[in-house]
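Novice: One structure coming up, written as structure tokens, with questions to follow.
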């Protein structure tokens, strides 16, 4: 028991003394020493340049012990606070102009209006330039005895509306003075006009 106590004391003393010189021993982190069998003296050596004598026992130990087993995973820490909003980035460059889209469908009827005129006996009312006739009509005035009637009321192509008043058949045998006593009536003609696609 006394012998082991001496060895332990000697080892502790030699390690303490040798600690100053450890940085100069190039043995990849392994400390080499020699333990004197008689007397219990322990000394540290550089194994690359020195060796223990036959009266000594060679010893070696690592400056750093072998790695221990991996520890268990720690408990997750609490969630950190929300970070501050970052600064607004620089406005990007204006993108290139997009391609022209396809043409839309043809438009419908627009600029709707009704035009009219008064004529004697027969006539035509025309739509304004650029507009087409969609419909129309006519009526007689100054025809108190009913001697005249509308013989026609119809489109005049695509640009107007036409109408005509004629003498009723029952009065064709009247004398030549009939037209003086009963002149041609006034015909009011109207046309429904609009711009079309």
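In this note's numbering, the protein residues as written are 386 to 582.
We treat Cβ as the ideally placed atom computed from N, Cα and C, and that holds for glycine.
Rounded to whole angstroms, what's the CA-CA distance from residue 426 to residue 419? Just pull it up for me.
Specialist: So the alpha carbons of these two residues sit roughly 8 Å apart.
Novice: Could you tell me the distance, in whole angstroms, from the CA atom of residue 525 to the CA atom of residue 533?
Specialist: Cα to Cα, the separation comes out at about 8 Å.
Novice: Distance check for residue 523 and residue 539, CA to CA, integer angstroms please.
Specialist: Computed Cα separation, rounded: 9 Å.
Novice: Based on the DSSP output, what are the partners of residue 572 in its beta bridges?
Specialist: Note: residue 572 sits in a beta bridge opposite 504 and 525.
Novice: The ligand MN heavy atoms versus the CB of residue 575: any closer than 8 Å?
Specialist: This structure simply doesn't include the ligand MN, nor any ligand for that matter.
Novice: DSSP state of residue 537, grouped into three classes?
Specialist: Looking at residue 537 - three-state DSSP - the assignment turns out to be strand.
Novice: Taking only three categories from DSSP, how would you classify residue 548?
Specialist: Looking at residue 548 - three-state DSSP - the assignment turns out to be strand.
Novice: Can you say whether residue 422 is buried or exposed, counting buried as having 16 or more other CB atoms within 10 angstroms of its CB?
Specialist: Residue 422 is exposed by the Cβ-count criterion.
Novice: How many Å lie between residue 582 and residue 472 at the Cα?
Specialist: In a straight line, the C-alpha of residue 582 is about 54 Å away from that of residue 472.
Novice: Across the stretch 507-520 and the stretch 474-481, are there enough close Cβ pairs to call them in contact, namely three or more that are closer than 8 Å?
Specialist: As far as the Cβ criterion goes, the stretch 507-520 does not touch the stretch 474-481, which means the pair count is below three.
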